[in-house]
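Structure first, then comments.
Number of protein chains: 4
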Amino acid sequence: MIPTSAAPAARRRGRPPDPHSRSRILTAAETLLDQAGYLNVTIDEVATRAGVSKKTVYRFWPHKPALICDLIVERSAVLPVPDTGDTRAELATLFSLIVEYLTAGPGSTMTLLVAATSDDPGTLAKLREQVVAPRRDIARNVFQRGIARGDLPADVDIDAVLDLWHGLVAYRVTGRPAALPRHTVEQLVDLAMSGHVPRLPPT
Amino acid sequence: MIPTSAAPAARRRGRPPDPHSRSRILTAAETLLDQAGYLNVTIDEVATRAGVSKKTVYRFWPHKPALICDLIVERSAVLPVPDTGDTRAELATLFSLIVEYLTAGPGSTMTLLVAATSDDPGTLAKLREQVVAPRRDIARNVFQRGIARGDLPADVDIDAVLDLWHGLVAYRVTGRPAALPRHTVEQLVDLAMSGHVPRLPPT
Amino acid sequence: MIPTSAAPAARRRGRPPDPHSRSRILTAAETLLDQAGYLNVTIDEVATRAGVSKKTVYRFWPHKPALICDLIVERSAVLPVPDTGDTRAELATLFSLIVEYLTAGPGSTMTLLVAATSDDPGTLAKLREQVVAPRRDIARNVFQRGIARGDLPADVDIDAVLDLWHGLVAYRVTGRPAALPRHTVEQLVDLAMSGHVPRLPPT
Amino acid sequence: MIPTSAAPAARRRGRPPDPHSRSRILTAAETLLDQAGYLNVTIDEVATRAGVSKKTVYRFWPHKPALICDLIVERSAVLPVPDTGDTRAELATLFSLIVEYLTAGPGSTMTLLVAATSDDPGTLAKLREQVVAPRRDIARNVFQRGIARGDLPADVDIDAVLDLWHGLVAYRVTGRPAALPRHTVEQLVDLAMSGHVPRLPPT
DNA sequence: CTATAATCGAGACGGTACGTCATGTCTTACT
DNA sequence: AGTAAGACATGACGTACCGTCTCGATTATAG
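Chains as they are written, first to last, in full-length UniProt numbering: chain A, 1 to 203; chain B, 1 to 203; chain C, 1 to 203; chain D, 1 to 203.
Okay, structure coming up:
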C-alpha cells in the first residue's frame, strides 16, 4: 500500500485530538435535549450516544450548562434578514424568524437554560454575548434601515419593541401555552410601522 | 328548590393529615426557595426545617416539583386591582403587579418549575389552572371594565396585550436582563388606552 | 333484701377487648413467618392480614420480637412422652419429637429469633423460661425415669446429652443443611442406652 | 501436553476497582459488626468509616447481607490443626477451635446472616461453599488421619460427629446459654477416641 | 337515656436505613 | 498526548419499616 502522508513537518506527539468528537457530542446532546428536556439530559447518556468518554466531554466543557450553552450558540444561526428596501416585509420576516427560533429552534431551550444557570454567571454571560447580542444587533439593523428610509419614526425604542416581540413569543411557548395567530403577528408589525410602539425618551 | 347537597361524603377514617405539617413544609420550602433557588431546594432540608419526616412530605406531594407547584399556587395571591373608575390607573396598577410577580414573587420560579414538570402533565395542568388562569381572569376583568366604561375599544385582544406585557417583563428578567424604565411602562399603558394594541379579528 | 352481690369484682367500664384479635394476629404472624421468614415479617402486614390495626398489635406486644416470641411460646406444645416402662422407646420418641419441633414446628424459628433478639434480654428471658425450660424439664424426666428403672447410669449428664441432640438437629437445619438419617438417630439413642455419653463429674 | 491456559481473558478496560477500598470497607464492617451486631450495621456508617462512598460499597456487593457474607468468608481462617501424630490431641485442638469460632469469631453472626440471605440463594450458596465446606474438609482430615493411624474405627460417621460437636457448641451459645465445661469436652473427645459415636451404615 | 370509658380500624407521624442515580474528577490501559 | 472505559466522593432521591399518636366509630357499664 502506498504510504500517503507526505512527511507532515513538526510532528505533534501523541494521539491527535479527534476533530469529530466535539460535534458528535453536540449532536448527541441536541437529540437528547429535544427528546427528554434539559433536566433529563445526562452527561453519561450524551457521552454514550456520542461514542465518547465522559472525560472527553469534560475536556471541551467545564460542566453541563456550558455544553448546552454552546449547543445553543452553535445552532443559533444568525438572523438572515436581507435588505430588500421594503421595511414592512423585512419586519414581518424578522418576526417570523423570531417565532421559528423560539418555537422550534434552539431558542426554545434558552429560557430554561437561563433559569437553570442562574447561579453560574460565566455561562450566562457567554450565552448573552454570543447568542443574544449578535441576534439583537441584526434585528436592530432591520429597524434602523426602516428609520433611515423614513418608514419608521427615528425615536422608536427598538430594544423595547424587540423585547415585546420576543417576550410574547416566549411566553406563549412556556408560560401560557397558546397559538400565535397570523393576524396578531401582522397587527404587531402594523403597529410598529405606524409608530405605535414605545419610543425612546427625549435626550 | 332542590337541595343539591352532595352525597354523604363517604366518611373518612383514620387519623387525618395534620394541616399544620402541610403549611410548615410549605413555609420551609418557600424560605429555601428564596435563599437557594429551585435547584438547590432539598426535600431532606425542607423536612428538617419543617420539623417533619421526609415521609410526611411525600405523603402530601409525590415529588419535589409538585411541592414547589403547590407553593407557588398558594403563594400566588390574586391580583388586587380594585375598581376605581379610572381605567388608566387600573392598567398601570395591573402592570406593576405583573412586574412585581415576575421579578421578586413566585412567578420567578415558574420557568424552571414548568421544565421540571415537563413529564408530569398533572402537576403542569394544576399550575396552569390554579395559578395562571385565575390571574389571567382578574387581569382580563380590568380590561373589560375599561371597555365597559368606553375607555378602551371593544375589540381589544386582551390576551395578546397581557401576553405582550408578561412576555416583556419575563424576557427582561431572564432572557435579556435589562431594566424596565418607568417611561416604557407608561408608554405601554398609553398605547393600550389609545387602542394601539392587537385587536380581535372580526367574527 | 338482696345482698349487693358479694364483690362484683370492680366491673370495668368501656368496650371490652375483642377476644379474637390476639389469636388472629398470632395466626397471621405465623403464616407470614412461614412464608417470608422472620426478617420479612412486617407488623403492617400482620395487622392487615389479621384485619386489625397496628395499634391493636402494639396493645398486646411491645415490639416485633415479643410477638414472635409469644407465637413460639403458644405454638410450642409440651413434649408428650408418656411413661411406658420402655426406656429405649421413650428416648426414641423424645428424639423424634425434638426433630419434628426443630424441623417443621415453631422451634425452627427459635434460633433465628434468638439471634435477632440478642439485644433484648427481656424477650430472650421469656423465651427461655416459657419455652425452653418446660420442654427441658419434660425431656429430663424421660432420662430420670430411665435411671430409676436402672436402664441408664445414674451419672448421665442429661443436659449435655439433650444439648447434643438438639444441637445436632438444629445445626442440620440451619448451619449445614443435611438430612438426619434414621440410623443415625438410632445410634444416638443406643449410645445413650449404653451409657456412652457425657457423664456428670463426680461431686 | 496440551497447555490448558485459560482464554486470553478479554482485556478489561477502564479504571480497575481499587482493592484498597474493598478491604477498608470490610475492615470497617467488621468493626461495626463486633461493636453493634449484624442488625445495627449500616451501609452508610460502613462507608463513612471506610472513607468511601455508598456507591463504592454497592459496586462491590449487591446488598448488606452479601457484604457481611464476604466478611465472614474472608475472616474465617482455615482451621489450623497440624498433623502431630497424636490423634487425641488433634481432636481436642479441633474441638477448641470450633468453640472459639462459634463463640467469639465470625461464626457467631452466621445464624442471622443465613436468615437475612434466605431469599438470596446465591449469597447463601457462597457462604456454604466458601466457609462451611472448607472448614468441614479440614475437620474431616483430622478424623481421617486418626483412622489411618488406627486410632479411630474406619467407619466413624465423621460428619455426624462434627455436626454433634458444632451443634452442641452453637446450642449452648444461642439456644440454651450455658457454659461448656472442660470435662464435658474431654468426655466427647474420649467417646470419639473409643469409637462410641455414630458409625456409617455398612455399604 | 344519657354520660363516661374503653377498644377498635384506619392511617398519619418522626425517625432512620435502604438502594439508586447524576455530577464532576481521577486512573488505567490502549492507540 | 489523547482517548474509551469506568471507578471514585458527594449528596439528593424516593421507598420501606418501626413504634407512636390521633381520629371518629363502636360498644359496654354507670348514673
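Cβ atoms here follow ideal geometry from the backbone N, Cα and C, with glycine treated the same way.
Compare the C-alpha of residue 190 of chain D against each of C:199, C:173, C:44 and name the closest.
Translated into positions along the fourth sequence, residue 190 of chain D becomes position 190. Considering only alpha carbons, the answer is C:199.
Partners in chain A for residue 20 of chain B, counting only beta-carbon separations shorter than 7 angstroms
On the second sequence, position 20 is the one that residue 20 of chain B refers to. Residues of chain A passing the Cβ test: none, with the nearest at roughly 32 angstroms.
With distances taken from CA atoms, which of D:16, D:49, D:36, D:39 is nearest residue 25 of chain D?
Residue 25 of chain D sits at position 25 when you count from the first residue of the fourth sequence. Ranking D:16, D:49, D:36, D:39 by Cα distance to residue 25 of chain D puts D:49 first.
Unbroken beta strand (DSSP E) runs of length 3 or more, entirely within the UniProt domain "HTH tetR-type" (19-79) of chain A: which are they?
none
Three-state secondary structure assigned by DSSP to residue 199 of chain C:
To locate residue 199 of chain C, count along the third sequence from 1; it is residue 199. Residue 199 of chain C: strand per DSSP, three-state reduction.
Which word fits residue 182 of chain A, buried or exposed, when buried means at least 16 other C-beta atoms lie within 10 angstroms of its C-beta?
Position 182 of the first sequence, counting from 1, holds the residue named residue 182 of chain A. The residue in question, residue 182 of chain A, is exposed, as its Cβ has fewer than 16 Cβ neighbours within 10 Å.
Return yes when the Cβ of residue 98 of chain B is within less than 8 angstroms of the Cβ of residue 64 of chain B, no when it is not.
For the purposes of this step, residue 64 of chain B is taken as the residue at position 64 of the second sequence. For the purposes of this step, residue 98 of chain B is taken as the residue at position 98 of the second sequence. Going by C-beta atoms, residue 64 of chain B is not nearer than 8 angstroms to residue 98 of chain B.
Tell me which residue opens and which closes the alpha helix (DSSP H) that residue 164 of chain D is part of.
Here residue 164 of chain D refers to the residue found at position 164 of the fourth sequence. Unbroken alpha helix (DSSP H) run through residue 164 of chain D: 158-170.
Does chain D have any CB closer than 8 angstroms to the CB of residue 204 of chain C?
Since the first residue shown for chain C is 1 and the last is 203, residue 204 of chain C is missing from the structure and cannot be characterised.
Within the chosen definition, does the region 101-117 of chain D reach the region 60-79 of chain D through at least 3 CB pairs nearer than 8 angstroms?
yes
Which same chain residues, not among the five before or five after residue 134 of chain D, have their C-beta less than 7 angstroms away from its C-beta?
For the purposes of this step, residue 134 of chain D is taken as residue 134 along the fourth sequence, with counting starting at 1. Correct list, in chain order: 78.
Is there at least one Cβ from chain D nearer than 8 angstroms to residue 163 of chain C's Cβ?
Within the third sequence, the letter at position 163 stands for residue 163 of chain C. True, the Cβ-Cβ gap to chain D drops below 8 angstroms.
Residues that residue 168 of chain A contacts on chain B, provided the C-beta gap is smaller than 7 angstroms
Counted from its first residue, the first sequence places residue 168 of chain A at position 168. Within chain B, the residues near residue 168 of chain A are 163, 164, 167.
State the DSSP-derived secondary structure class of residue 81 of chain D, mapped to helix, strand or coil.
Here the question's residue 81 of chain D lines up with position 81 in the fourth sequence. It is coil, neither helix nor strand.
Quick one: Cα of residue 4 of chain B to Cα of residue 194 of chain B, how far?
Indexing the second sequence from 1 puts residue 4 of chain B at position 4. Indexing the second sequence from 1 puts residue 194 of chain B at position 194. Residue confidence is low: residue 4 of chain B scores 42 on pLDDT, short of 50, so the model does not pin down where it sits. Its coordinate-derived value is still stated next. Cα to Cα, residue 4 of chain B sits roughly 48 angstroms from residue 194 of chain B.
Report all residues from its chain with a CB closer than 6 angstroms to the CB of residue 112 of chain B; omit the five preceding and five following residues, and keep chain order.
For the purposes of this step, residue 112 of chain B is taken as residue 112 along the second sequence, with counting starting at 1. If we look at residue 112 of chain B and ignore the five residues flanking it on each side, its Cβ neighbours are 38.
Does DSSP put residue 96 of chain D in a helix, in a strand, or in coil?
Position 96 of the fourth sequence, counted from the first residue, corresponds to residue 96 of chain D. Three-state result, residue 96 of chain D: helix.
Beta-carbon of residue 132 of chain A versus every beta-carbon of chain B: anything under 8 angstroms?
Stepping through the first sequence from its first residue, residue 132 of chain A is reached at position 132. Closer than 8 angstroms: yes.
If contact means a Cβ-Cβ distance below 9 angstroms, which residues of the region 136-160 of chain B contact chain A?
136, 157, 159, 160
Assign residue 203 of chain A to one of two classes, buried (16 or more other C-beta atoms within 10 Å of its C-beta) or exposed (fewer than that).
If you number the first sequence from 1, residue 203 of chain A lands on position 203. The residue in question, residue 203 of chain A, is exposed, as its Cβ has fewer than 16 Cβ neighbours within 10 Å.
Anyone know if the C-beta pair for residue 107 of chain C and residue 170 of chain D falls short of 8 angstroms?
Reading the third sequence from its first residue, position 107 is the one you call residue 107 of chain C. Reading the fourth sequence from its first residue, position 170 is the one you call residue 170 of chain D. No; because the gap between Cβ atoms is not below 8 angstroms, this pair is not in contact.
Here's the rule I'm using: 16 or more other beta-carbon atoms within 10 Å means buried, otherwise exposed. How should residue 20 of chain C be labelled?
By 1-based counting over the third sequence, the position of residue 20 of chain C is 20. Per the 10 Å Cβ criterion, exposed.
Which of the three DSSP states, helix, strand or coil, is assigned to residue 179 of chain D?
For the purposes of this step, residue 179 of chain D is taken as residue 179 along the fourth sequence, with counting starting at 1. In the structure shown, residue 179 of chain D sits in coil (DSSP, three-state: anything other than H, G, I, E or B).
I'd like to know if residue 126 of chain A contacts chain B, where contact means its C-beta is closer than 8 angstroms to some C-beta of that chain.
Position 126 of the first sequence, counted from the start, is the residue given in the question as residue 126 of chain A. Chain B contact via Cβ: absent.
Residue 157 of chain C burial status per 10 Å Cβ neighbour count (16 or more: buried)
In the third sequence, counting from the first residue as 1, residue 157 of chain C sits at position 157. Per the 10 Å Cβ criterion, buried.
Assuming residue 73 of chain C and residue 57 of chain C make a contact with CB atoms under 8 angstroms, what is their CB distance in whole Å?
As a working mapping, residue 73 of chain C is identified with position 73 in the third sequence. As a working mapping, residue 57 of chain C is identified with position 57 in the third sequence. That belief does not hold up - the Cβ atoms of residue 73 of chain C and residue 57 of chain C are roughly 16 angstroms apart, past 8 angstroms.
Apply the 10 Å Cβ neighbour rule to residue 125 of chain C and answer buried if 16 or more other Cβ atoms are within range, or exposed otherwise.
Reading the third sequence from its first residue, position 125 is the one you call residue 125 of chain C. Classification for residue 125 of chain C: exposed.
Is it buried or exposed for residue 149 of chain C, if we count other Cβ within 10 angstroms and need 16 for buried?
For this step, residue 149 of chain C is matched to residue 149 along the third sequence. Residue 149 of chain C comes out exposed.
How far does the alpha helix (DSSP H) with residue 152 of chain C in it reach, from first residue to last?
Within the third sequence, residue 152 of chain C is the residue found at index 152, counting from 1. Where residue 152 of chain C is concerned, there is no enclosing alpha helix (DSSP H), given that its DSSP letter is neither H nor E.
Run of the alpha helix (DSSP H) containing residue 108 of chain A, from where it starts to where it stops
Numbered from its first residue, the first sequence carries residue 108 of chain A at position 108. Residues 107-116.
Is residue 104 of chain D helix, strand or coil when you go by DSSP?
Sequence index remark: in the fourth sequence, residue 104 of chain D carries index 104 (1-based). It is coil, neither helix nor strand.
Output the distance between the C-alpha atoms of residue 138 of chain A and residue 84 of chain A, rounded to the nearest integer angstrom.
Position 138 of the first sequence, counted from the start, is the residue given in the question as residue 138 of chain A. Position 84 of the first sequence, counted from the start, is the residue given in the question as residue 84 of chain A. If you take the alpha carbons of residue 138 of chain A and residue 84 of chain A, they lie about 14 angstroms apart.
With hydrogens ignored, establish whether the beta-carbon of residue 113 of chain A is closer than 7 angstroms to any heavy atom of the ligand ATP.
This structure simply doesn't include the ligand ATP, nor any ligand for that matter.
Can you have a look at residue 160 of chain D and say buried or exposed, based on whether 16 or more other CB atoms are within 10 angstroms of its CB?
If you number the fourth sequence from 1, residue 160 of chain D lands on position 160. By the neighbour-count rule (16 or more Cβ atoms within 10 Å), residue 160 of chain D is buried.
Going by CA-CA distance only, name the one from C:31, C:40, C:36, C:51 that's closest to residue 18 of chain C.
The residue you call residue 18 of chain C lines up with position 18 of the third sequence. When each option's Cα is compared against that of residue 18 of chain C, the closest is C:51.
Contact with chain C by residue 57 of chain D, beta-carbon distance below 8 angstroms:
Sequence index remark: in the fourth sequence, residue 57 of chain D carries index 57 (1-based). Residue 57 of chain D does not count as touching chain C.
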